[in-house]
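**Q** With the working numbering applied, the sequence shown covers 663 to 889. Just so you know, even glycine gets a beta-carbon here, dropped at the ideal spot from N, CA and C. It should be emphasised that the depicted structure is a prediction, and the values quoted were computed from it without experimental measurement.
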Amino acid sequence: MTLDADGRVSVAGHAGRTVWRMESVDPKAQITILADSYQGKKLNSPNDLVYKSDGSLYFTDPPYGLPTQQDNDPQKELQVNGVYRIVGARRHKPGAPPDRDKLQLIIGDLPRPNGIAFSPDEKTLYIADSGKKVWMRYRVNADGSVSDGKLLLDASGDKAPGGPDGIRVDKNGNIYGSGPGGSGSFPLKASIWARSTFPRSSATWPGATKMAEHCTSRPAPACTESS
Numbered sequence: 663m664t665l666d667a668d669g670r671v672s673v674a675g676h677a678g679r680t681v682w683r684m685e686s687v688d689p690k691a692q693i694t695i696l697a698d699s700y701q702g703k704k705l706n707s708p709n710d711l712v713y714k715s716d717g718s719l720y721f722t723d724p725p726y727g728l729p730t731q732q733d734n735d736p737q738k739e740l741q742v743n744g745v746y747r748i749v750g751a752r753r754h755k756p757g758a759p760p761d762r763d764k765l766q767l768i769i770g771d772l773p774r775p776n777g778i779a780f781s782p783d784e785k786t787l788y789i790a791d792s793g794k795k796v797w798m799r800y801r802v803n804a805d806g807s808v809s810d811g812k813l814l815l816d817a818s819g820d821k822a823p824g825g826p827d828g829i830r831v832d833k834n835g836n837i838y839g840s841g842p843g844g845s846g847s848f849p850l851k852a853s854i855w856a857r858s859t860f861p862r863s864s865a866t867w868p869g870a871t872k873m874a875e876h877c878t879s880r881p882a883p884a885c886t887e888s889s
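Here is the structure:
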């Protein structure tokens, strides 16, 4: 769930296999479907999303909302577990059907793209991939596409349960996200992984600001270098 510049809530509709927007805070408000399919095939199960300042909306689409959560699930129509961009999502007319020509597949080679966030200057897009247990970074091009994908952090060797999930970036460019360890949250700064445990597993919970302060003000129980 995320807000656009007009304060409207946009949601990665995991179970409904759509990305949609609520047009006001009224519980009975009109719902606008922004994306439901790619090249004639249903989305898998949109998981996380983030707006760019130009009004385009980026989201991840792993198969976690499908019955088996596997790539061979009978309900899975798309071969890829992609990261997508909806061009001009903020300007999409309330109540209008999805403009499927404006849905772009921008990353198609990650097994389980999950969390997604921009750097403060929007020059970098971060993706948490729960399949490989890695965090990736991509250069954001002038046309909104991404390129030059590079490994930011590799947690594949961590045997603790769980994996990369939701991520958020603060105004200083520090990245926070859940990862191996179940209820752990991880501030990722440059190449350092500093682990701290919290009562909830996702870094997107309402106390994220206090979490960030807590993380950066205490010694890290475990740190590893990443190239």
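Measuring only the C-alpha atoms, how far is Pro759 from Gly811?
**A** Whole-angstrom Cα-Cα distance: 33 Å.
**Q** Name the residue from Val831, Asp716, Asn709 whose alpha carbon lies nearest to the alpha carbon of Pro782.
**A** Comparing Cα positions, the closest option is Val831.
**Q** Between Ala697 and Ile769, what straight-line distance do the alpha-carbon atoms span, to the nearest angstrom?
**A** If I take the Cα positions, the gap works out to 17 Å.
**Q** Sort Gln741, Trp682, Arg762 by Cα distance to Ile693 and report the nearest one.
**A** Nearest option by C-alpha distance: Trp682.
**Q** What residue range is occupied by the uninterrupted beta strand (DSSP E) comprising Pro725?
**A** Counting along the chain, Pro725 falls outside any beta strand (DSSP E), and DSSP gives it neither H nor E.
**Q** Using a Cβ-Cβ cut-off of 7 Å (strictly less than) and excluding sequence neighbours within five positions of Gly869, which residues of its own chain qualify?
**A** Its pLDDT being 39, under 50, Gly869 is placed unreliably by the model, and the measurement read from it follows with that caveat. So no residue of the chain qualifies.
**Q** For Lys821, count neighbouring C-beta atoms within 10 Å of its own C-beta (all shown protein chains included) and say buried if the count is 16 or more, exposed if not.
**A** Answer is exposed; the Cβ neighbour count stays below 16.
**Q** Candidates Val742, Phe721, Gly675: which alpha carbon is nearest Ile789's?
**A** Measuring from the Cα of Ile789, the nearest candidate turns out to be Phe721.
**Q** By the three-class DSSP mapping on this structure, what secondary structure does Asp783 have?
**A** Asp783 falls in the coil class under three-state DSSP.
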